[in-house]
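In terms of the numbering used here, the sequence shown is residues 157 to 535.
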Amino acid sequence: MNTIIETLSQKACTGCSACLNICSTQVVTMEADQEGFWYPAIDQNQCTGCGACEDVCPVIHAPQPNAVAQAVPKAETIPSIYAAWSLDQEIRYHSTSGGVFSELALSVLAEGGYVCGAIYDGHHMVKHAIIDHAQDLAKLRQSKYVQSDMNSIYKEIGNLLKQGEKLLFCGSPCQCAGVFHYCEKCGVNAENLYLVDFICRGSNSPKVYRKFLDELEAEQQSKVKKVWFKNKTYGWNRFSTKVEFENGEAYLEDRYHDAYIRGYIEENLFIRPSCAECQFKGFRRRSDLTLADFWGIQLKDDSQDSDGGTSMVIIHTEKGQALWDSVSSRVFSEAKTLEEAAMGNACLYNSALPGIHREQFMTDLDKMPVMDNIKRFLK
């Protein structure tokens with residue numbers, strides 16, 4: 157029996173769940189390790205050895221080797237790149253950066269299509285879900301800063317596409333690759349599928365995130381009502397983490413004082429191991445469009461309010477260009493160069509390497525409060 161999926165090293169497996177979704181005998185499950193990351197487990201007594209899980213794996217079939225030199229496009233294939241934001245100020249404010257994802261999603265929904273993205277469930281954990289009404293779009297907005305549970309979402313996407321429905325999927329580059337390979341291996345016509353990824357810094361441990369929320373609830377003696385990463389109370393450049401509680405209180409700390417964000421961005425304490433050797437950097441992507449925060453943006457008219465949130469838009473395919481064109485009247489946009497895009501986004505090409513204290517942090521994850529565990533390593 158072929159067990160290569162189960163024996164992929166932790167430095168390779170992204171936990172995308174494509175293998176779980178394609179297994180016809182349903183013998184693949186996703187199990188969390190001590191760090192809280194999901195990995196496939198196979199019931200060998202029931203496995204038929206068909207190899208479907210191996211065929212669909214986006215890591216095994218990564219487009220190119222992980223080399224920065226091979227990730228940079230040739231001059232004649234450099235994609236179109238824009239700095240942009242939604243002209244709807246409410247959408248822009250409530251989005252992670254400039255609200256471009258929301259505008260793209262609204263375009264697909266207006267044509268009777270579906271949108272799939274990460275939402276908070278009833279316990280404020282993160283999973284992918286599908287919506288078909290604009291009033292539900294707010295659930296999909298904003299970065300979640302924790303790995304999303306994909307569960308059986310690939311099957312749901314495949315079923316909708318088989319029915320001829322239009323669907324926009326937004327996820328990390330490895331998740332987009334998982335959706336792409338799933339459709340390919342299942343013979344699903346992906347003509348109506350739009351894949352939108354983002355410049356990813358790495359997926360955080362759901363276990364660390366849950367401990368973070370549990371400690372805040374204990375401190376406030378109240379249940380969490382809403383989690384809002386990249387809150388713009390202090391502006392986009394000085395983004396904050398805001399957690400609202402049922403008792404009316406709120407935790408609000410900016411990027412320089414919130415221990416969770418600092419442990420992620422500054423010390424790389426709880427990013428998934430495979431993110432350190434990401435196979436989907438640069439332009440080795442399966443997506444039609446890539447979105448990101450356009451850090452360090454310099455606009456031609458410096459009186460424009462970039463601190464409200466500015467999105468980076470990178471267009472990879474003709475399908476992506478058509479989707480972008482459909483929202484042109486609803487966004488401010490300014491063409492930019494690849495050099496400008498890469499200047500403030502090192503993770504366009506480079507993986508975030510594990511922090512020097514990551515091993516110690518994870519060793520002590522169940523031995524002390526997670527905030528204390530993080531803070532002892534902050535400079």
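Just so it is clear, CB atoms sit at the ideal spot from N, CA and C, and this is done for glycine as well.
Would you list the residues sitting across from I247 in a DSSP beta bridge? None; I247 has no bridge partner.
Which partner residues does T252 have in the DSSP bridge list? Answer is none; T252 lacks a bridge partner.
Residues that W384 bridges to, as DSSP identifies them: K398
Taking 7 Å as the limit between beta carbons, can you name the residues of its chain near A168, skipping five residues before and five after? V215 and S430
Could you please give the first and the last residue of the uninterrupted alpha helix (DSSP H) stretch that includes M527? V526 to K531
Helix, strand or coil for A448? Go by DSSP, reduced to three states. strand
Exposed unless 16 or more other CB atoms sit within 10 angstroms - verdict on H279: exposed
Just grab the DSSP bridge partners of A491 for me. Y238
Closest by C-alpha distance to G334, when choosing among C206, V212 and R418: V212
Inter-residue spacing [alpha-carbon to alpha-carbon] between M306 and V282: 9 Å
Quick check on DSSP: helix, strand or coil for T537? With the chain covering 157 to 535 only, the question about residue 537 has no answer from this structure.
Rounding to the nearest angstrom, what Cα-Cα distance links H250 and N345 in this structure? 34 Å
Taking 7 Å as the limit between beta carbons, can you name the residues of its chain near P525, skipping five residues before and five after? E371
Smallest Cα separation from S540: which of S308, L176 and S396? Any question about residue 540 goes unanswered here, given that the chain covers just 157 to 535.
Between D444 and M468, how many whole angstroms is the CB-CB distance? I'm expecting something under 8 Å. Actually they do not touch by this definition, with Cβ atoms about 15 Å apart.
Please report the straight-line C-alpha distance between E402 and L164, rounded to a whole angstrom. 42 Å
Check whether the Cβ atoms of C342 and G314 lie closer than 8 Å to each other. yes
Whether F488 touches A240 by CB criterion (8 Å): yes
Please report the distance separating the alpha-carbon of N222 from that of E495. Residue placement at N222 is poorly supported in this model, since its pLDDT is 43, which falls under 50; the coordinates are not used for a value here.
Beta-carbon within less than 6 Å of E191's beta-carbon, same chain only, minus the 5 sequence neighbours each way: which residues are those? S361 and M518
Integer Cβ distance of A497 from Y505, believed to fall under 8 Å: Not confirmed; about 10 Å, so no contact.
Just the Cα atoms here: how many angstroms apart are N393 and E347? 37 Å
Contact belief for S359 with S308 at Cβ below 8 Å, rounded distance in angstroms: So it is not a contact: roughly 19 Å between Cβ atoms.
Boundaries (first-last residue) of the beta strand (DSSP E) holding W194: W194 to I198
Determine the burial state of Q182: buried for a count of at least 16 other Cβ atoms within 10 Å of its Cβ, exposed for fewer. exposed
Reduced DSSP secondary structure (H/G/I, E/B, other) of L164: coil
Per DSSP, E409 is paired with what? T397
State the DSSP-derived secondary structure class of G205, mapped to helix, strand or coil. coil
Compare the C-alpha of L536 against each of E312, F325 and P196 and name the closest. Because the chain spans 157 through 535 in this model, residue 536 falls outside it and cannot be assessed.
Starting from G273 and walking both ways along the beta strand (DSSP E), at which residues does that stretch end? Y270 to Y276
For the candidate residues C330, L351 and F426, whose alpha-carbon lies nearest to that of F128? As displayed, the chain neither begins before 157 nor continues past 535, which places residue 128 out of reach and without an answer.
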